[in-house]
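Mapping of the sequence shown onto my numbering: position 109 corresponds to residue 109, and the numbering continues sequentially without gaps.
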Amino acid sequence: MIEDYKPTWLIERIYHIKPADFQSRGFKAVLVDLDNTLIAWDNPNGTKELRDWLKEMAEAEMPVLVVSNNNAKRVKKAVEPFGILFISRAMKPFSLGIKRALKQLCLNKNEVVFIGDQLMTDIRAANRVGIKSILVRPLVESDAWSTKINRAREKRVWRKLASSYDMRFQDKLI
Ligand SMILES: [Mg+2]
């Protein structure tokens, strides 16, 4: 079913979403994909905007937890500079990683939102668990062949979604 891939919201950039946007919707934590959502492969330190966003989230006491399919070593190295929690080997598009995250945070499904850049993995996993999701534009185009194949699949799913839903990226959460 095409609805399995439908994000709740589409937002241009992760740092366009403010802590108050999450709080007003009853979210108590934010789950995020790592690669191309939080950081780009060509800029592992992240942008200043991203570091500022993480600081804002920390100041608002809104936990950010990375849920990545990558291995623990790789994810740990990537998130260490930011001092945030993570789940590795999340098995997206399956529900394992998100379920582990909920357990770790002691939160219910309606208290978290998932932010990612891929319909086929991130959004599919969020919908499988039954949590709300935000699709963001990928930070950069990857040249990895596996990503290219995924992107071709994404495009087909995207076209189907766009025939039924408004799939325009917004500047802010409304
Ligand atoms: Mg990604």
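Note that CB positions come from ideal geometry on N, CA and C, so glycine has one too.
In this text the structure is predicted, and so the values were computed from the model without any measurement.
request  = Can you list the residues near ligand 1, meaning Cβ strictly closer than 7 angstroms to any non-hydrogen atom, in the order they appear in the chain?
outcome  = D33, L34, D35, N36, T37, G116, D117, Q118, D122 and P138
request  = Could you name each continuous alpha helix (DSSP H) segment of 4 residues or more that falls completely within the segment 88-167, going from the start of the chain to the end?
outcome  = 96-105, 124-129 and 145-164
key: Through-space distance from E80 to A126, alpha-carbon basis   = 25 angstroms
ask   = Expressed to the nearest angstrom, what Euclidean distance is found between the alpha-carbon atoms of S20 and F114?
value = Reading the sequence as shown, one finds Ala at residue 20 and not Ser. Roughly 16 angstroms separates the two Cα atoms.
request  = Name the residue from G97, K6 and W53 whose alpha carbon lies nearest to the alpha carbon of D33.
outcome  = G97
request  = Indicate whether the contact test is met: 3 or more Cβ pairs, each with one atom in the segment 7-15 and one in the segment 38-54, closer than 8 angstroms.
outcome  = yes
key: Cut-off 7 angstroms between Cβ atoms - residues of its own chain near A78, not counting five sequence neighbours on either side   = L34, I39 and P44
ask   = Taking the alpha helix (DSSP H) that L34 falls in, what are its first and last residues?
value = Run containing L34: none; DSSP gives neither H nor E here.
message = Once the 5 residues before and after F86 are set aside, which same chain residues still bring their CB inside 6 angstroms of it?
response = V66, V75 and V79
query = Any idea if R153 is buried or exposed, counting beta-carbon neighbours within 10 angstroms, 16 or more meaning buried?
reply = exposed
ask   = Between K99 and the rest of its own chain, which residues show a CB-CB distance below 8 angstroms, the 5 nearest in sequence each way excluded?
value = V129
task = For my contact list, V136 and D42 are in at a C-beta cut-off of 8 angstroms; report their separation, rounded to the angstrom.
result = The Cβ separation is near 17 angstroms, so there is no contact.
query = Relative to the alpha-carbon of L119, which residue among S24, Q23, A72 and R159 has its alpha-carbon at the smallest distance?
reply = R159
inquiry  = List, from N- to C-terminal side, the beta strand (DSSP E) runs of 3 residues or more that fit wholly inside the segment 2-29.
reply    = 9-11
key: Per-residue burial, N36 [other beta carbons within 10 Å of its own, 16 or more giving buried]   = buried
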